[in-house]
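Numbered according to full-length UniProt numbering, the sequence shown spans residues 1 to 188.
Yeah, the Cβ is synthetic: ideal placement off N, Cα and C, and Gly gets one too.
Since the structure comes first, as C-alpha cells, the remarks are kept for the end.
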Amino acid sequence: MELIHKYYKDNFNISDRDWEVFASKLEYNEFPKKQTILQEGQVENYLSFIETGLVRFYIPKEENELTFAFVFNHNFFSAYDSFLTQSPSKYRVETITDSSFWRISYNDLQAVYAETEIGNLIGRKASEELFIKKSERELSLLNKSPEERYLDLFSEKPEVIKEIPLKYIASYIGVTPQALSRIRKRIS
C-alpha cells in the first residue's frame, strides 16, 4: 500500500483524510501463477494496482488465444470497458506470475469520488494511464512491425519478459511462434 500512497502523495499531494478514506476501501489480494482473474462474460468489478507480478489480457479462441495486453508491476489495470459500463467483459484476464494487487471495487470507488476532495483526481489519473497504454498499443499495431513491437516489449521490462511464454509474446506482436523464433534469431 505504501507504493500507492507514495504515488498519490507525490503526484497529487493527497491529504491524510482523503488518503484514509481511499485506503480504507482498498483490499489486498494475492493470486498464484496462471490464475484467471476475470472470465469473459463476467462484469469487471475492480480497478487494481499491481504491487508485484504480471497479468495478461486475452481473447480465448478455439485454435489460438489472442493476447492483446500485458501489465507489469507498479501499474494500474482493469477490464476498463466492463468496469465503467458494468457490463460483461468480452475477454479474460489472468496472472502470468504469482501476483499481488491492491484493488478497489466499483462501488467503493464511487464512494471515494463522493466523500473526498481528491477522489475524482484519483480516478481520472488511473483512467488516463489506462487510456494512454491502450492508445500506445493501438498505434504500435498500426505503425510498427512485429520485430519493432517485440523490441519495444523487451525494452520496457527486459527482466520480466523472460517470465512470459513465447506463444503469448508471439500472439501479442501478431505473429506465429515460428515467426517469433525467426525474429529472435535475427536480432540476437
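Here the stretch 57-77 makes contact with the stretch 125-136; the two share three or more CB pairs at distances below 8 Å. In the DSSP secondary-structure assignment, A69 is bridged to F57. Distances from the CA of L26 to each of E63, E44, I118 and S105 were compared; the closest alpha carbon is that of S105. Judged by DSSP secondary structure, T85 falls within the alpha helix (DSSP H) whose first and last residues are Y80 to T85. Residue range D16 to K25 is occupied by the alpha helix (DSSP H) that includes V21. The beta carbon of P32 is closer than 6 Å to those of D98 in its chain, skipping five residues each way along the sequence. Of all C-beta pairs linking the stretch 8-25 to the stretch 82-97, fewer than three are shorter than 8 Å, placing the two stretches out of contact. For the 8 Å CB-CB criterion, A114 and L47 do not form a contact.
In this structure, E156 keeps its C-beta atom at 8 Å or more from the C-beta atom of I183. In this chain, the alpha helix (DSSP H) harbouring S181 covers P177 to I187.
The Cβ atoms of V43 and V93 do not sit closer than 8 Å to each other.
Per DSSP, reduced to three states, the secondary structure at Y168 is helical. Annotated as distal: L130 and F49, with beta-carbon spacing of 8 Å or more.
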